[in-house]
Amino acid sequence: MCPTYGEQIEGVWFDPLPETIASLETDDLRKLQFSQRKAEYVIDVSKRIVSGSLCLEELHDLSDLEVEERLLPIRGIGPWTVQNVLMNGLGRPNLFPVADIGIQKTQSNDTSTCLKNRQKKRWQR
């Protein structure tokens, strides 16, 4: 997406601005191999950011639970996305990404919710 809609400065690519993505049609992202749904979700979230109905700066001041409550109602945002926003976007080091399929696959065969919750609690200490 960066080479098509982002900006390159001194050889470094930067992600596209929300205004750029908000102005796109789903077909524009479909050409980049986005599914129809994912293209709709990405454009919708960008439009929310541009309109101010989703303020990313406000997320920094919220608790993990409040961030989750703010983001999960948005179509296309699920637990995996929220966990990644918390860890990577907001720098919250106290999380265990329970929704990450790659991590789930590396665990033992017992990937029950109980096991995941125990691991999550240990990680958050």
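Residue numbering for the sequence shown follows full-length UniProt numbering, beginning at 1 and increasing consecutively. Cβ coordinates follow ideal geometry from the N, Cα and C atoms, glycine included.
- Counting C-beta pairs closer than 8 Å gives fewer than three between the region 5-12 and the region 41-55, which falls short of the contact rule.
- For D61, the closest of R30, G89 and W80 by C-alpha to C-alpha distance is G89.
- Counting only the Cα atoms, L59 lies some 6 Å from V67.
- Comparing C-alpha distances from T20 to each of E57, R30, M1 and P73 shows the shortest one belongs to M1.
- Judged by DSSP in its simplified three-state form, I74 adopts coil rather than helix or strand.
- At a Cβ-Cβ threshold of 8 Å, P18 and G6 do not count as neighbours.
- Every alpha helix (DSSP H) of 4 residues or more that sits fully in the region 33-99 is shown, in chain order, as 36-51, 56-59, 64-71 and 79-84.
- In the three-state reduction of the DSSP assignment, E25 falls in the coil class, being assigned neither a helical nor a strand state.
- Scanning its chain for C-beta atoms nearer than 7 Å, with the 5 sequence neighbours on each side dropped, one finds around T26 the residues Q36, A39, E40 and I43, in chain order.
- Taking L71 as the centre and dropping the five residues before and after it, the same chain places the C-beta of I77 and V82 closer than 6 Å to its C-beta, in chain order.
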